[in-house]
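Residue numbers (my numbering): 0 to 369.
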């Protein structure tokens with residue numbers, strides 16, 4: 000495996016390319032993965048949704064990351080000589096602390112049947128990837144598990160069921176490859192109380208795993224000091240390797256409605272509203288983004304056991320047609336719209352697809368691990 004992981008999650012890439020996204024380094028158009036590799040990126044994270052289509056077959060969008068798409072992207076990643084982190088959501092669409100919907104095909108199952116479904120699905124996915132010669136170098140069993148998974152049965156504080164479901168996934172991984180590193184991933188990386196409670200509960204019940212993953216977004220999850228303090232504590236407390244599985248920082252607060260070509264009521268707009276941006280001690284400018292990444296990398300690499308990071312969706316440009324959810328997806332997750340792109344100002348490319356300074360910072364960073 001890689002020494003210090005400089006990773007990116009580019010799960011939306013296939014959809015973005017199909018919708019016309021183009022990427023440039025020094026004015027020259029290149030494939031996104033090629034540009035990232037030139038900037039020192041050595042691993043790619045890809046999410047996997049069970050069945051991201053409506054019952055009438057309409058794709059949910061946001062990458063529509065089914066097994067076919069994930070396999071295609073993984074082939075491209077491995078052809079570049081990069082690592083591949085597989086991120087299993089155990090849902091048909093986004094799974095995070097606000098929603099962990101049971102896949103449509105698993106509805107009506109009780110806890111023992113869900114446990115078996117997790118095992119069989121995890122095993123089938125890995126066997127398929129193995130058959131296609133795109134086996135991951137690490138696997139996430141669940142995504143942002145802070146409030147559990149497979150709601151309502153696996154919702155915090157039902158840690159017995161949470162452990163049953165996750166243990167089934169871990170056992171399935173071991174049945175295919177006993178040496179594949181397993182990550183368990185929470186959000187809110189600056190919240191030490193969350194990590195202590197969740198992992199204390201899991202460690203009483205859980206199968207062995209190798210890596211604790213954290214999401215850290217500075218506009219939602221506290222200061223860099225909060226993140227570093229939490230990482231020092233959980234490294235010492237649990238003795239696991241650590242990876243910041245998701246991170247980002249804005250490069251502008253300029254709206255991108257012009258690029259999306261959506262009506263005012265059809266787009267949600269950027270996730271980093273002004274009141275959130277005001278919480279961050281770095282300005283949302285290309286220089287501020289670069290400075291943030293420098294300080295972020297310095298801090299996490301000081302923590303014993305830190306393996307690296309994955310920047311979340313660095314290439315999610317505001318091209319027409321690419322949003323976080325369409326009407327069919329919103330119906331599945333039972334959320335109100337609108338859709339549209341929430342993330343374009345968090346990318347490592349400007350709205351026209353030009354690489355930003357933070358990529359130089361990532362390339363040039365040398366670890367100072369203890």
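Glycine is no exception: its CB is placed at the ideal position from the N, C-alpha and C atoms.
Exposed or buried, which one is residue 41 when buried takes at least 16 other CB atoms within 10 Å? buried
Looking at residue 234 and residue 189, is the spacing between their C-beta atoms short of 9 angstroms? no
Whole angstroms is fine: what's the gap from residue 174's alpha carbon to residue 122's? 8 angstroms
According to the neighbour-count rule (16 or more other Cβ atoms, all chains shown, within 10 Å of its Cβ), is residue 26 buried or exposed? exposed
Specify, as a first and last residue, the run of the beta strand (DSSP E) that residue 253 falls within. Per DSSP, residue 253 belongs to no beta strand (DSSP E) and is neither H nor E.
Run through the DSSP bridge pairs and tell me what residue 370 is partnered with. Nothing about residue 370 can be read from this structure; the chain reaches only from 0 to 369.
Could you tell me whether the Cβ atoms of residue 338 and residue 62 are closer together than 9 angstroms? no
Once you ignore the five residues that flank residue 12 on each side, which residues in its own chain have a CB closer than 7 angstroms to its CB? 31, 72, 314
Among 350, 309, 290, nearest to residue 379 - alpha-carbon criterion: Since the first and last residues shown for the chain are 0 and 369, residue 379 lies out of range.
Residue 81 to residue 202 span [Cα, whole Å]: 31 angstroms
From residue 258 to residue 167, what distance separates their C-alpha atoms? 44 angstroms
Expressed to the nearest angstrom, what Euclidean distance is found between the alpha-carbon atoms of residue 226 and residue 273? 22 angstroms
May I ask you to report which of helix, strand or coil DSSP gives residue 311? strand
C-beta contact flag for residue 7 and residue 83 at 9 angstroms: no
Sequence-distant residues of the same chain with beta carbon closer than 6 angstroms to residue 271, five excluded per side: 218, 249
Cβ-based burial, residue 0 [other Cβ within 10 Å; buried from 16]: In this predicted model, residue 0 has a pLDDT of only 44, less than 50, meaning its place in the structure is not dependable; the value taken from the coordinates is given anyway. Its Cβ having fewer than 16 others within 10 Å, residue 0 is exposed.
Option in 343, 336, 300 with minimal Cα separation from residue 364: 300
Cα-Cα separation between residue 20 and residue 352, rounded to whole angstroms: 8 angstroms
Who are the Cβ neighbours of residue 336 in its own chain at under 6 angstroms, not counting the five residues just before and after it? 329
With a cut-off of 9 angstroms, does the C-beta of residue 124 fall near any C-beta of chain C? The structure shown contains no chain C, having only a single protein chain.
Report yes if the CB atom of residue 230 is closer than 9 angstroms to the CB atom of residue 344, and no otherwise. no
DSSP beta-bridge partners for residue 43? 7, 83
What do you reckon, are the CB atoms on residue 245 and residue 215 nearer than 9 angstroms? yes
Closest by CA to residue 113, which one among 152, 96, 39, 354? 152
Quickly, what does DSSP pair residue 245 with across the bridge? List them, please. 214
What whole-angstrom Cβ distance do residue 124 and residue 47 have, given they're in contact under 8 angstroms? 7 angstroms
Quick check on the DSSP output: the alpha helix (DSSP H) that includes residue 185 runs from which residue to which? Unbroken run through residue 185 is the beta strand (DSSP E), 181–185; no alpha helix (DSSP H).
Below 9 angstroms between beta carbons: does that hold for residue 242 and residue 212? yes
Counting C-beta neighbours from all protein chains within 10 Å, is the total for residue 325 16 or more, i.e. buried, or is it exposed? buried
Let's see if you can read the secondary structure: which residues bound the alpha helix (DSSP H) around residue 23? Element bounds for residue 23: not the alpha helix (DSSP H) but the beta strand (DSSP E), 22–24.
Helix, strand or coil: how does DSSP classify residue 63 here? coil
Span of the alpha helix (DSSP H) around residue 260: Run containing residue 260: none; DSSP gives neither H nor E here.
Pick from 262, 210, 52: whose alpha carbon is nearest that of residue 182? 210
Report all residues from its chain with a CB closer than 6 angstroms to the CB of residue 288; omit the five preceding and five following residues, and keep chain order. 248, 250, 357
Residues in the same chain with beta-carbon distance under 7 angstroms from residue 311, minus the five sequence neighbours each way, listed in chain order, please. 8, 245, 246, 247
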